[in-house]
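Colleague: One structure coming up, written as structure tokens, with questions to follow.
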Amino acid sequence: MNAAAVHLRALERRFGDRAVLDSLDLDIRRGEFFALLGASGSGKTTLLRLLAGLDRADGGTVLVPKVRTVVFQEPRLVPSKRVLANVTVGMPRGGATRETGREALTEVGLASHADAWPATLSGGEAQRVALARALVREPELLLLDEPFAALDALTRLRMQDLVERLCRVHRPAVLLVTHDVDEAVRLADRVGVLREGRLITDERITLDRPRDPADPAFAALRSRLLADLGVHSLEETSP
Ligand SMILES: Nc1ncnc2c1ncn2[C@@H]1O[C@H](COP(=O)(O)OP(=O)(O)OP(=O)(O)O)[C@@H](O)[C@H]1O
């Protein structure tokens, strides 16, 4: 495979008369973290579903790696399986798989919860199990569909740090769908804004890590992205 993990050309997805994705082009390189912003209904989840293989395009080229996993907004654990079995669900049974599953749980800080039932976990813990389940397969493409949106503010920040750290270890290509501009700027190597079926912004983020929302360069990028989303800050709109 060449350096692109995701290669989309002239991608089309229509629902009825409406082209939700309209001649969309996008490449995501191996190991690159791409955050996708866009107003509600702009087609972010539609694009993610196409990359996951959960939906079909109406036209264009879609090239994605075979090993790709998804973390959704809700953890989607199997209630009748213990935590470790949830992490390794669908993988060949045996000691080696259990061992890799335990390693993944250690990475997300939940080694001691291997034998717990999903119902006993907090929302943040359950989402960390979902992350372990996604990473244990060593995906070339990790698809994140607003994975932090249902978490409280503190848990969300911790989870963002965890995802940032683990992505640097595992180096999948990442597509993060989010509404949260600060989250996109904190985490991503590149950020795009989807509007009317196309990427109206596609920008590399060159800020040093860890990124500080109080940094003027962070704030400037935030303002530009908000403007692309149709939101103007008070400073810019006041007379
Ligand atoms: N299966 C479907 N049938 C008909 N219309 C659909 C279908 N899936 C999505 N749509 C429409 O496509 C548009 C884009 O939806 P999508 O869920 O991709 O948006 P989104 O950017 O992820 O929105 P949000 O941020 O609110 O989750 C919406 O207008 C939605 O109603």
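Per my numbering, the very first residue in the sequence shown carries number 24; after that it's consecutive.
Cβ coordinates follow ideal geometry from the N, Cα and C atoms, glycine included.
Excluding sequence positions up to five away, which residues of its chain have a Cβ less than 6 Å from the Cβ of Arg98?
Modeller: In the sequence under discussion, the amino acid at residue 98 is Pro, which differs from the Arg named in the question. So the qualifying residues of the chain are Ala149, Gln150 and Ala153.
Colleague: Using 8 Å for Cβ pairs, my map puts Val204 next to Leu248. What's the rounded Cβ distance?
Modeller: Cβ-Cβ separation between Val204 and Leu248: approximately 5 Å, consistent with a contact (criterion under 8 Å).
Colleague: Is Phe57 near ligand 3, judged by its Cβ being under 7 Å from some heavy atom?
Modeller: Judged by which ligands are present, ligand 3 is missing from the structure shown, whose ligands are ligand 1.
Colleague: Give a single yes or no on whether His255 has its beta carbon closer than 7 Å to a heavy atom of ligand 1.
Modeller: No, the Cβ of His255 stays beyond 7 Å of every heavy atom of ligand 1.
Colleague: Going along the chain, which residues of its own chain have a beta-carbon closer than 8 Å to the beta-carbon of Asn109, five neighbours each way excluded?
Modeller: Leu100, Val101, Pro141, Val152 and Arg156
Colleague: Does any heavy atom of ligand 1 sit closer than 7 Å to the C-beta of Ser103?
Modeller: no
Colleague: How long is the line joining the alpha carbons of Trp75 and Asp81, rounded to whole angstroms?
Modeller: According to the sequence displayed, residue 75 carries Ala and not Trp. Those two C-alpha atoms are separated by around 15 Å.
Colleague: Within 10 angstroms of the Cβ of Pro239, are there 16 or more other Cβ atoms? Answer buried if so, exposed if not.
Modeller: exposed
Colleague: Going by CA-CA distance only, name the one from Pro233, Gly215 and Leu230 that's closest to Lys67.
Modeller: Residue Gly215 is the option with its Cα nearest to Lys67.
Colleague: At what residues does the alpha helix (DSSP H) containing Arg232 begin and finish?
Modeller: Element bounds for Arg232: n/a, residue is neither H nor E.
Colleague: Quick check on the burial criterion: 16 or more other C-beta atoms within 10 angstroms. Buried or exposed for Ala58?
Modeller: buried
Colleague: Excluding the 5 residues flanking Arg37 on each side, which residues of the same chain have their C-beta closer than 6 Å to its C-beta?
Modeller: Closer than 6 Å at the Cβ level, and outside the excluded window around Arg37, lie Asp81.
Colleague: Consult DSSP for Gly113 and reduce its assignment to one of helix, strand or coil.
Modeller: Under the three-state reduction of DSSP output, Gly113 falls in the coil class, being neither helix nor strand.
Colleague: Given that a residue counts as buried once 16 or more other Cβ atoms are within 10 Å of its Cβ, and exposed if not, what is Val251?
Modeller: Note on residue identity: the sequence assigns Asp, not Val, to residue 251. Looking at its Cβ environment, which holds 16 or more other Cβ atoms inside 10 Å, Asp251 is buried.
Colleague: Asp168: buried (16+ other C-beta within 10 angstroms of its C-beta) or exposed?
Modeller: buried
Colleague: Looking only at DSSP bridge pairs, what is Leu198 linked to?
Modeller: According to DSSP, Leu198 bridges with Phe57 and Leu166.
Colleague: So is Ala237 buried or exposed if we call it buried at 16+ other beta carbons inside 10 Å?
Modeller: exposed
Colleague: May I have the straight-line CA-CA distance separating Phe56 from Leu198, to the nearest angstrom?
Modeller: 6 Å
Colleague: Identify whether Glu130 lies in helix, strand or coil by the three-state DSSP scheme.
Modeller: helix
Colleague: So, using beta-carbon positions, are Ser63 and Arg221 closer together than 8 Å?
Modeller: no
Colleague: Taking DSSP as the reference, what is the three-state secondary structure of Ser246?
Modeller: DSSP places Ser246 in helix when its eight states are reduced to three.
Colleague: Spell out whether any CB of chain B is found under 8 Å from the CB atom of Ser145.
Modeller: As a matter of chain content, chain B is missing from the structure shown, which is built from one protein chain.
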